[in-house]
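Engineer:
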Amino acid sequence: MIRFNSKEDIIALTPQWKGERFPDGRPKVADKYLKKMRKMTLEELWKPIFVKGYESQFEGDLKALHDDGRILIGRAVTATFVPTRPDLHETMFAVGAEEGRKGNYNQWVIDSLTEGDVVVVDMYDKIYKGTFLGGNLTTAIRTKTKTGGGVIFGGIRDTQQMKAVEGVQVYYRGIDPTPIRDFIMKDFNGITRIGKATVLPGDIVYGAGGGVLFIPSHLVAEVVDGAAKTHVKDDFGFEMIAQNKFTTAQIDRATWTEEMLDMLTEWIKTDPRGEKYRDLDWSPEYEAARNGDPNDTQTML
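Mapping of the sequence shown onto the working numbering: position 11 corresponds to residue 12, and the numbering continues sequentially without gaps.
#1: When you compare only the Cα positions, how much space is there between Thr-199 and Ile-269?
#2: Rounded to whole angstroms, what's the CA-CA distance from Glu-212 to Trp-47? Just pull it up for me.
#3: By the 10 Å Cβ neighbour count, where 16 or more other Cβ atoms means buried, how is His-241 classified, buried or exposed?
#4: Excluding the five sequence neighbours on either side, which residues of its own chain have a C-beta within less than 8 Å of the C-beta of Thr-115, listed in chain order?
#5: For Ala-141, which residues from the same chain have a beta carbon less than 7 Å from its beta carbon, with the 5 sequence-adjacent residues on both sides left out?
#6: Can you say whether Arg-158 is buried or exposed, counting buried as having 16 or more other CB atoms within 10 angstroms of its CB?
#7: Taking C-alpha atoms, which residue in Thr-92, Lys-130, Gly-104 and Ile-153 lies nearest to Val-122?
#8: Let me check one thing: in DSSP terms, what residues is Val-121 bridge-paired to?
#9: Would you call Glu-45 buried or exposed, if buried means 16 or more other Cβ atoms sit within 10 Å of its Cβ?
#10: Using 7 Å as the threshold, is the C-beta distance between Phe-82 and Phe-184 below it?
#11: Under 6 Å Cβ to Cβ from Asp-282, same chain only, skipping five residues before and after it: list those, please.
#12: Between which two residues does the alpha helix (DSSP H) carrying Arg-143 extend?
#13: Taking Cβ positions, are Gln-58 and His-219 nearer each other than 7 Å?
#14: Taking 8 Å as the threshold, find out whether the region 218–236 comes into contact with the region 82–98 through three or more Cβ pairs.
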């Protein structure tokens, strides 16, 4: 049975997520993690994913609507499109009609958005007549999501109007004045692809510096805390090197010694720069220090 935005299918696609879900079944990653990510870099968030084998979560061959340093963060609402075919269009549009959906395929997706969402659309790199977003739908995104935007592997139009919509960011492949035509939505909140990246509904979208990272929902807490640890270790490490207390080789080790961790945690407790990191749990690092090979010289990415 063909269904769009099926709760049962979304839950089946994301079994490793154990927390709260939206009514449509998407993982509901806590807002606190999204807020923390705004203070982090793409590389800090990318590293914990990459070392776990998630090597297809980033796409950098995109253009940004705003080149002003703003960051796009939100929960993915995914959609996948294919070139038009009369019989398939008839079938899929009938499914939408049975589900009570109004307008065109792209409007179905926009109508489903809630606060904090980001539209993630594989428009199969269609730009001419592949303009998924324009001024009207960008305004609708802003109204529904408050802080969101879109990642469109295809085209956009009405860019002057889009840029005037406050608070959104959109990543896309190209611009064309033509309205969207000749396409079919094959999946809505299913598995989609943005260039070299694989995306599931509820993934956390992080767009910055011309590229977009898609973080699996079940890894977000670990990734955010891991990125924070990387950041504070860098701050501490730079100071220790400057004071000639540790060498760069010591700081760059993948596993720090217990002595180094003791100095780090004391610095976090006492230095004002460490205040925002005082809720981090360092027990896994201490465990690794106790159980790891003391002669290990593997460096961090």
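For each residue, glycine too, the CB sits at the ideal point set by N, CA and C.
Structural biologist: According to the data block:
#1: 37 Å
#2: The amino acid at residue 212 is misidentified as Glu; the sequence shows Gly. So the two alpha carbons sit approximately 11 Å from each other.
#3: Strictly speaking, residue 241 in this sequence is Met, with His absent from that position. Met-241 is buried by the Cβ-count criterion.
#4: Phe-23, Lys-145 and Thr-146
#5: Ile-111
#6: buried
#7: Ile-153
#8: Thr-79 and Val-152
#9: buried
#10: yes
#11: none
#12: 136–146
#13: no
#14: no
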